[in-house]
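For reference, the structure discussed in these notes is given below.
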Amino acid sequence: MSETTTPTSNAPAPEAPLTRSPSTTPWRKTRTAKLLASRDAITIYALVAFLIYASISIPRFASPVTTGFLLLDVIPVLLIAMPMTLIIITGEIDLSVASIAGLTSATMGVLWAGGMNIWLVLAVSVLVGVACGMFNGFLIAVLGLPSLAVTIGTLALFRGLALVTIGDNAVANFPKPLTAFFTSKLGATGIPTVMIGVLVVIIAFGVLLHFTPFGRGLFGMGYSKEAAAFVGIKVARSKFWLYVASGAVSALAGIFWTLRYTSARSDNATGLELAVIAAVLLGGVSIFGGKGSILGVLAGVLLIGSLNYALRLGRVSDVVLITVTGLLLILSVVAPSIGSAIRGWRHTRRVRRSTEP
Amino acid sequence: MSSALDSRKAPTRQPVSRGWAATASVLRLRELPVLIALSVLVIVTYLINPLFLSAQGVKDLLLNATIIMILAVGQTLLIVTRNIDLSVGSILGLVAFGTGSIFAAMPNIPIIAVFGIGMAFGVVLGAVNGILVTVAKVPALVITLGTLYVFRGLNNAWAGGKQYFAGDRPDAFGGLSVDTFLGFPIITLVAVVVVIAVALYMSGTRAGRDLYAIGSDPEAAKAFGIKVSKRVLLAFLANGALAGLAGVLYASRFNSVGATTGTGMELTVIAAAVVGGVAIFGGSGSVTGAALGALLLTTITSSLTAVRVDKFWQQAIVGILILAAIIIDRLASLRTAKKLRISEARNV
Numbered sequence: 001m002s003e004t005t006t007p008t009s010n011a012p013a014p015e016a017p018l019t020r021s022p023s024t025t026p027w028r029k030t031r032t033a034k035l036l037a038s039r040d041a042i043t044i045y046a047l048v049a050f051l052i053y054a055s056i057s058i059p060r061f062a063s064p065v066t067t068g069f070l071l072l073d074v075i076p077v078l079l080i081a082m083p084m085t086l087i088i089i090t091g092e093i094d095l096s097v098a099s100i101a102g103l104t105s106a107t108m109g110v111l112w113a114g115g116m117n118i119w120l121v122l123a124v125s126v127l128v129g130v131a132c133g134m135f136n137g138f139l140i141a142v143l144g145l146p147s148l149a150v151t152i153g154t155l156a157l158f159r160g161l162a163l164v165t166i167g168d169n170a171v172a173n174f175p176k177p178l179t180a181f182f183t184s185k186l187g188a189t190g191i192p193t194v195m196i197g198v199l200v201v202i203i204a205f206g207v208l209l210h211f212t213p214f215g216r217g218l219f220g221m222g223y224s225k226e227a228a229a230f231v232g233i234k235v236a237r238s239k240f241w242l243y244v245a246s247g248a249v250s251a252l253a254g255i256f257w258t259l260r261y262t263s264a265r266s267d268n269a270t271g272l273e274l275a276v277i278a279a280v281l282l283g284g285v286s287i288f289g290g291k292g293s294i295l296g297v298l299a300g301v302l303l304i305g306s307l308n309y310a311l312r313l314g315r316v317s318d319v320v321l322i323t324v325t326g327l328l329l330i331l332s333v334v335a336p337s338i339g340s341a342i343r344g345w346r347h348t349r350r351v352r353r354s355t356e357p
Numbered sequence: 001m002s003s004a005l006d007s008r009k010a011p012t013r014q015p016v017s018r019g020w021a022a023t024a025s026v027l028r029l030r031e032l033p034v035l036i037a038l039s040v041l042v043i044v045t046y047l048i049n050p051l052f053l054s055a056q057g058v059k060d061l062l063l064n065a066t067i068i069m070i071l072a073v074g075q076t077l078l079i080v081t082r083n084i085d086l087s088v089g090s091i092l093g094l095v096a097f098g099t100g101s102i103f104a105a106m107p108n109i110p111i112i113a114v115f116g117i118g119m120a121f122g123v124v125l126g127a128v129n130g131i132l133v134t135v136a137k138v139p140a141l142v143i144t145l146g147t148l149y150v151f152r153g154l155n156n157a158w159a160g161g162k163q164y165f166a167g168d169r170p171d172a173f174g175g176l177s178v179d180t181f182l183g184f185p186i187i188t189l190v191a192v193v194v195v196i197a198v199a200l201y202m203s204g205t206r207a208g209r210d211l212y213a214i215g216s217d218p219e220a221a222k223a224f225g226i227k228v229s230k231r232v233l234l235a236f237l238a239n240g241a242l243a244g245l246a247g248v249l250y251a252s253r254f255n256s257v258g259a260t261t262g263t264g265m266e267l268t269v270i271a272a273a274v275v276g277g278v279a280i281f282g283g284s285g286s287v288t289g290a291a292l293g294a295l296l297l298t299t300i301t302s303s304l305t306a307v308r309v310d311k312f313w314q315q316a317i318v319g320i321l322i323l324a325a326i327i328i329d330r331l332a333s334l335r336t337a338k339k340l341r342i343s344e345a346r347n348v
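Heads up: the sequence lines are chains L and W, in that order.
Per UniProt numbering: the first sequence = residues 1 to 357.
Per UniProt numbering: the second sequence = residues 1 to 348.
What follows is the structure, encoded as structure tokens:
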């Protein structure tokens, strides 16, 4: 079965670029067409279409208030989705992100309540995230343990350490100017001021993934770890640093969460990991690794965020919202394979018709 | 492995080496580390606090483990085939709330019928996962992450703020998790029967062995003529049925069922399987191991309470336990791989 199919499926692939390369225009055209019809592009269309629809037909949607609350709501997911995209592209996963955010929040609370300078508190909190990431990275990249299993373990461990750190207390008396800054808006646009920082993170990860050799190496690893190692990509080292980055950004998300809601608790951001992964996959990143883009993920996060916000505005009860997230996720992965099944069926029909006399 | 070599070298010492083979095969059991850990944990806790093993203490231990145990067995069926089901917590929630609703609507319905309806409901939900995974050929992790949200959303929409309490259910139904038989709570006996049945199925039948083959190498399994999609779909159905059973038992065991019942349970279940030596990338592990893993995970919480460890440390220790299990499993598999290389070299 597999012996008969492999030659036929392999044959056209090497020939196609050879025959078409002399005349570059049609090849270029198909490439652009492919780019325009790619999974992440479709998510972007869906986002744009939805935003247009919502602005026209949902009263009060197109307003600075919307922008403000929508963005404030999605910032934690948006932040963590960046390193998560890179990690999933290499074919790994990190389920411990929300627990790292929780541990960061707990650390902030205890240190601040202990009378430490707030800037020092923030610095130490980020370092806690970095340390968590290094621990994950050590187990996964250095010892070579499966990331899914390891990060289920560290999910429990880091959340447990958060409980150990702060217990069931909550610290809420953070400096007013700081918490006010975290909910402040840029003039009348409604865009939260912290978006500037978030944007810096997004651009940093976008450039890292799409415009550096390191980023291309990540795609290579996702396709084939062995091949990537053979062409000289430092697989273990890259993965290690990705987990460190994931820890650091999760810590930033934890800090944001704490200061936005003015509450440091051990259970902050519980369950956020699945929301992040859902958004990343909706954005067109393949769970098998090797495929995905930052733009697509950005669209995925914003699509879920704005859909939820619009439904809430339309008085759709909160409880239905998670169903929408789930359905979107399933639809986004099932639709392409239905599409390819239809294409395959059409193809065989055409072949059959052409071979018939 | 060394015993096999011995017997080849000295066929005259067959009986001795057969005895050795039995010992060695016990020592090679994947379940052994978790069994040792469980025994040590129970004995040490008992020495510190003898009340831990009082009749009531044992009963509580078993009751706490029952539901996770059943879910871990179902999850193992899937993990062994390189699939996973993240939606089990949501399935359990839906079935548990369904059970509450049935008793509220028909208080006199026979209990066995409720079990049947609950498991059938679970099968339907499992079929949704299974069909999406096998027909659309999308990874189970993604699909079941989606259905985790969809099923939970349905549960929210159905239940709203409504909750059913133990008082709404017949006493005989609640009695299942109070009454004991030979010291075992009835629902724990149900779980034990499930574990034994599935364990026999996995090790003794063609279909069960096929699941391991699919997990070891799906392409090879297909080339060998195993109906991969059919087997995987059946595994999803079986997991759905078991999650349904767990849901009905949940309604019997716990006071209230509502919109959030079973939230976040999926990761505990997968952790139990991992602790029990089920390899997360398929192909190896047993349901007995997974059940023991579930028992270990739930027992450690009780024993930490019994020896008066600060309750805030419990979850951190569970995390360390999971990581330790993964590392031990890796060391064991490295050793087996090394031995296999040596024995293969000698065979050539």
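Note that the Cβ used here is the ideal one computed from N, Cα and C, for glycine as well.
Note that the coordinates shown come from a computational prediction; the quantities given were computed from them, not determined experimentally.
What are the start and end residues of each continuous beta strand (DSSP E) run of 3 or more residues lying completely inside the region 31-95 of chain W, in chain order? none
Say whether chain L places a C-beta atom closer than 8 Å to the C-beta of residue 272 of chain W. Residue 272 of chain W sits at position 272 when you count from the first residue of the second sequence. Cβ-Cβ to chain L under 8 Å: no for residue 272 of chain W.
How many Å lie between residue 146 of chain W and residue 90 of chain W at the Cα? Reading the second sequence from its first residue, position 146 is the one you call residue 146 of chain W. Reading the second sequence from its first residue, position 90 is the one you call residue 90 of chain W. Approximately 11 Å between the Cα atoms of the pair.
Would you list the residues sitting across from residue 192 of chain L in a DSSP beta bridge? Within the first sequence, numbered from 1, the residue matching residue 192 of chain L stands at position 192. The partner list for residue 192 of chain L (beta bridge, DSSP) reads L/185.
Is the distance from the Cβ of residue 349 of chain W to the Cβ of residue 120 of chain W below 8 Å? Within the shown structure, residues of chain W are numbered from 1 to 348, placing residue 349 of chain W beyond reach of any answer.
Please identify the residue among W/160, W/176, W/30 whose C-alpha is closest to the C-alpha of residue 166 of chain W. Within the second sequence, residue 166 of chain W is the residue found at index 166, counting from 1. Selected option, being the one with the closest Cα: W/176.
Starting from residue 226 of chain L, trace the alpha helix (DSSP H) in both directions and tell me its first and last residue. Position 226 of the first sequence, counted from the first residue, corresponds to residue 226 of chain L. Unbroken alpha helix (DSSP H) run through residue 226 of chain L: 225-230.
Please check if any C-beta of chain L sits within less than 8 Å of the C-beta of residue 315 of chain W. The residue given as residue 315 of chain W occupies position 315 in the second sequence. Proximity of residue 315 of chain W to chain L, defined by a Cβ-Cβ separation below 8 Å, is satisfied.
Any C-beta of chain W under 8 Å from that of residue 337 of chain L: Counting from one through the first sequence, the residue named residue 337 of chain L turns up at place 337. For residue 337 of chain L, the answer is yes, since a Cβ of chain W falls inside 8 Å of its Cβ.
Identify whether residue 261 of chain L lies in helix, strand or coil by the three-state DSSP scheme. Taking the first residue of the first sequence as 1, we reach residue 261 of chain L at position 261. Under the three-state reduction of DSSP, residue 261 of chain L is assigned to coil, being neither helix nor strand.
8 Å Cβ cutoff, residue 78 of chain W in contact with chain L: Working through the second sequence from its first residue, we reach residue 78 of chain W at position 78. Not one chain L Cβ lies under 8 Å of residue 78 of chain W.
Would you say residue 61 of chain L faces chain W, with C-beta separation under 8 Å as the test? Walking along the first sequence from the start, residue 61 of chain L turns up at place 61. With 8 Å as the cut-off, residue 61 of chain L does not count as an interface residue toward chain W.
Listed by chain order, chain W residues near residue 312 of chain L by CB distance under 7 Å: One-based indexing of the first sequence puts residue 312 of chain L at position 312. In chain order: nothing, as chain W lies at least about 14 Å away.
Just to confirm, are residue 157 of chain L and residue 323 of chain W a CB contact at a threshold of 8 Å? For the purposes of this step, residue 157 of chain L is identified with residue 157 of the first sequence, where counting begins at 1. For the purposes of this step, residue 323 of chain W is identified with residue 323 of the second sequence, where counting begins at 1. Against a cut-off of 8 Å, the Cβ pair of residue 323 of chain W and residue 157 of chain L comes out as a contact.
How many Å lie between residue 207 of chain L and residue 130 of chain W at the Cα? Counted from its first residue, the first sequence places residue 207 of chain L at position 207. Counted from its first residue, the second sequence places residue 130 of chain W at position 130. Their Cα atoms are separated by approximately 39 Å.
beta-carbon residue 154 of chain W near the ligand NAP non-hydrogen atom, thresh 7 Å: Judged by which ligands are present, the structure shown has none, so any question about the ligand NAP falls away.
Which partner residues does residue 257 of chain W have in the DSSP bridge list? Here the question's residue 257 of chain W lines up with position 257 in the second sequence. Paired residues: W/164.
For residue 302 of chain W, which option in W/36, W/163, W/189, W/41 has the closest C-alpha, if you only look at C-alpha atoms? Taking the first residue of the second sequence as 1, we reach residue 302 of chain W at position 302. Measuring from the Cα of residue 302 of chain W, the nearest candidate turns out to be W/41.
With distances taken from CA atoms, which of L/72, L/344, L/50, L/272 is nearest residue 199 of chain L? On the first sequence, residue 199 of chain L is found 199 positions in, with the first residue counted as 1. Taking only the C-alpha atoms, the option nearest residue 199 of chain L is L/72.
Quick one: is residue 156 of chain L near chain W, going by C-beta distance under 8 Å? Here residue 156 of chain L is taken as the residue at index 156 of the first sequence, counted from 1. Yes, contact with chain W.
Specify, as a first and last residue, the run of the alpha helix (DSSP H) that residue 222 of chain W falls within. Counting from 1 along the second sequence, the entry for residue 222 of chain W is found at position 222. Per DSSP, residue 222 of chain W belongs to the alpha helix (DSSP H) from 218-223.
Strictly below 7 Å CB to CB, what residues from chain L border residue 318 of chain W? On the second sequence, position 318 is the one that residue 318 of chain W refers to. By Cβ distance, chain L contributes 156, 160.
Cutoff 8 Å: residue 322 of chain L Cβ touching any chain W Cβ: Here the question's residue 322 of chain L lines up with position 322 in the first sequence. With 8 Å as the cut-off, residue 322 of chain L counts as an interface residue toward chain W.
What is the DSSP secondary structure of residue 110 of chain W, counted as helix, strand or coil? For the purposes of this step, residue 110 of chain W is identified with residue 110 of the second sequence, where counting begins at 1. Three-state DSSP puts residue 110 of chain W in coil, outside helix and strand.
If residue 122 of chain W sits next to residue 240 of chain W, beta carbons under 8 Å apart, how far is it from one beta carbon to the other, in whole angstroms? Here residue 122 of chain W refers to the residue found at position 122 of the second sequence. Here residue 240 of chain W refers to the residue found at position 240 of the second sequence. Indeed, because the Cβ distance is near 4 Å, the residues count as touching under 8 Å.
Comparing C-alpha positions only, which one of L/312, L/262, L/286 sits nearest to residue 177 of chain L? Along the first sequence, read from residue 1 onward, the residue named residue 177 of chain L stands at position 177. Out of L/312, L/262, L/286, L/262 has the C-alpha closest to the C-alpha of residue 177 of chain L.
Cutting at 6 Å between CB atoms, please list the residues of its own chain near residue 44 of chain L, excluding the five before and the five after it. Counting from 1 along the first sequence, the entry for residue 44 of chain L is found at position 44. Result list for residue 44 of chain L: 299, in chain order.
Do residue 353 of chain W and residue 34 of chain W have their C-beta atoms within less than 8 Å of each other? For chain W, the structure presents residues 1 to 348; residue 353 of chain W sits outside this window and is missing.
Alpha carbon to alpha carbon, how far is residue 325 of chain L from residue 69 of chain L? Give it in angstroms, no decimals. As a working note, residue 69 of chain L is residue 69 in the first sequence. As a working note, residue 325 of chain L is residue 325 in the first sequence. Spanning the two alpha carbons is a distance of roughly 19 Å.
Note the first and the last residue of the continuous alpha helix (DSSP H) segment covering residue 270 of chain L. Locating residue 270 of chain L in the first sequence gives position 270, where the first residue counts as 1. Here residue 270 of chain L belongs to no alpha helix (DSSP H), and DSSP marks it neither H nor E.
Strictly by DSSP, which residues pair up with residue 185 of chain W? As a working mapping, residue 185 of chain W is identified with position 185 in the second sequence. Residue 185 of chain W is bridged by DSSP to W/180.
Can you tell me which of the three DSSP states residue 171 of chain L falls into? In the first sequence, the residue the question calls residue 171 of chain L occupies position 171. Looking at residue 171 of chain L - three-state DSSP - the assignment turns out to be strand.
Classify residue 75 of chain W: buried if its beta carbon has 16 or more other beta carbons within 10 angstroms, exposed otherwise. Position 75 of the second sequence, counting from 1, holds the residue named residue 75 of chain W. Buried, because 16 or more other Cβ atoms sit within 10 Å of the Cβ of residue 75 of chain W.
Straight-line gap, residue 29 of chain W to residue 54 of chain L (C-alpha atoms, nearest Å): The sequence position of residue 29 of chain W within the second sequence is 29, counting from 1. The sequence position of residue 54 of chain L within the first sequence is 54, counting from 1. Cα to Cα, the separation comes out at about 59 Å.
I need the straight-line Cα distance from residue 220 of chain L to residue 90 of chain L, nearest angstrom please. Reading the first sequence from its first residue, position 220 is the one you call residue 220 of chain L. Reading the first sequence from its first residue, position 90 is the one you call residue 90 of chain L. Going from the Cα of residue 220 of chain L to the Cα of residue 90 of chain L covers about 8 Å.
If you measure beta-carbon to beta-carbon, which residues of the region 238-264 of chain W are closer than 9 Å to chain L? 259, 263, 264
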